[in-house]
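Here is the structure we will look at.
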Amino acid sequence: MKKRDGVLIGVGIIVILALMWWAGIEETIELIIRADLRFLLLALLMQVFATLAWIFRWRIFLKRAEVVVRTRDILIATLVGVFANNLTPGARAGGEPARMYVIAKRSDSTYGQVFATIMADRILDVIPILLFTLVAFKHALSLKIKLLLSVLSLSTAVLLMIVFISLLISLNENLAFKLLSKITNLGKRIFPERFAGIESKIEERLRKSILEFRETFLELSKDPVVMGKTLFYSLALWGFMLLRTYFVFESVGYHLEIYKILMVQMAGIALGMISILPGGIGVTEAVNSALYLTLRISKSLAVSATVLDRFISFWLPTIIGGGLSIYLGTKFTKKSVRK
């Protein structure tokens, strides 16, 4: 991790502490400490289910692309990717090279094959988000909440732009190579020892993989069975995420309707993507808390629930993914030394 990333993460943590102070530090901490453990465990279980849905969705793409890899390795690659994403400001594209690298190492597949499944996985994830955003729009209109409507509009525009750029990259070989080169450079930040001295070799492999990447991506997009199954897992993933937040609010003694959680989550997606802080640390907490306030929730409850929700959805996966990244970096380095 670069020094700049560490500084930005520190800034994000300061923002979270400032947010808790603004909401009333004593009341916020008391709400967190007194949170019902049963509902928190249910929220944690929903996060686990959401992660599994993501893994099963990606596994379908990998299997269709004839990438032979164990489910355990897909889980490891996913968590390492989460860690990399959460260290990357903005649209959080740092996880793609990490996922691609781990799966390519754990299988006999090329970077192009694996990257095609990652792009298809990412693009498909936008479909349920757009569907849920339309539902959120409907409820925001009925409640006449201008702030939510404005943020939802921004979120929709950003998501459509991401889909357009992703499709453009997927169908243009030159752009695909440029992106693969850039995200490989990001991969050096995750496994610096492993990438040392082999940059030219990686570039040669990437050039050979571009054509295969395009062919694989087109095959995946034309298979209706694959698209149907993966869409089911995408909807399940977001359903579990909504239930996670629902149980978090129940843990602090507040019953919040699912459709209100939906409005806040969909509205907060775009702002998290354009944040200059890694993983939207601090920004996501502040934005979500502000959006909950528009639903007439007290600031101490809004901040407490948001902090707990982010601990389960952001900090725990990041810690686990970071541990796996260190383990894999050490393991791959030892293998290189033996060779």
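Numbering (our numbering), first residue to last: 27 to 365. Glycine included, each C-beta is placed from N, C-alpha and C at the ideal position. Note that the coordinates shown come from a computational prediction; the quantities given were computed from them, not determined experimentally.
### Task
Report buried or exposed for A142, applying the criterion of at least 16 other Cβ atoms within 10 angstroms of its Cβ.
What you label residue 142 is simply residue 116 of the sequence shown in a count that begins at 1. Only buried fits A142, as 16 or more other CB atoms lie within 10 angstroms of its CB.
### Query
What is the rounded straight-line gap between the Cα of F340 and the Cα of N112?
By 1-based counting over the sequence shown, the position of residue 340 is 314. By 1-based counting over the sequence shown, the position of residue 112 is 86. When the Cα atoms are used, F340 and N112 turn out to be separated by approximately 8 Å.
### Query
DSSP three-state call for E53: helix, strand or coil?
Within the sequence shown, numbered from 1, the residue matching residue 53 stands at position 27. Of the three classes helix, strand and coil, the one that applies to E53 here is helix, per DSSP.
### Task
Just the C-alpha distance for I129 and K164, rounded to the nearest angstrom, thanks.
Locating residue 129 in the sequence shown gives position 103, where the first residue counts as 1. Locating residue 164 in the sequence shown gives position 138, where the first residue counts as 1. When rounded, the separation of the alpha-carbon atoms in I129 and K164 is 40 Å.
### Task
Go through its chain and collect everything with a Cβ distance to L319's Cβ below 8 Å, but skip five positions before and after it.
The residue labelled residue 319 in the question sits at position 293 within the sequence shown. So the list reads K325, A328, once near-sequence residues are dropped.
### Query
Closest by CA to F273, which one among Q73, L321, I155, I51?
Along the sequence shown, one-based indexing puts residue 273 at 247. The candidate whose alpha carbon is nearest that of F273 is Q73.
### Query
Where E245 and V93 are concerned, what is the direct C-alpha to C-alpha distance, given to the nearest angstrom?
Along the sequence shown, read from residue 1 onward, the residue named residue 245 stands at position 219. Along the sequence shown, read from residue 1 onward, the residue named residue 93 stands at position 67. Going from the Cα of E245 to the Cα of V93 covers about 14 Å.
### Query
How is the alpha helix (DSSP H) around L13 delimited, first residue to last?
Residue 13 lies beyond the residue range present for the chain, which begins at 27 and ends at 365; the question has no answer from this structure.
### Query
If we call anything under 9 Å between Cβ atoms a contact, is I102 one with L321?
To locate residue 102, count along the sequence shown from 1; it is residue 76. To locate residue 321, count along the sequence shown from 1; it is residue 295. Not in contact: I102 and L321 (Cβ atoms no closer than 9 Å).
### Task
Give the single residue among A312, I345, I346, G348 whose Cα lies nearest to the Cα of T332.
Counted from its first residue, the sequence shown places residue 332 at position 306. It is A312 whose Cα lies nearest to the Cα of T332.
### Outcome for K286 when other beta-carbon atoms lying within 10 angstroms are tallied against a minimum of 16
The residue given as residue 286 occupies position 260 in the sequence shown. It counts as buried.
### Task
Leaving aside the five residues before and after L282 along the sequence, list all residues of the same chain whose C-beta is less than 6 Å from its C-beta, in chain order.
By 1-based counting over the sequence shown, the position of residue 282 is 256. The residues are F275.
#### Entry: Residue range of the alpha helix (DSSP H) that includes A103
If you number the sequence shown from 1, residue 103 lands on position 77. Counting along the chain, the unbroken alpha helix (DSSP H) around A103 starts and ends at 97-111.
#### Entry: Secondary structure of E122, DSSP reduced to three states
Translated into positions along the sequence shown, residue 122 becomes position 96. Correct three-state label for E122: helix.
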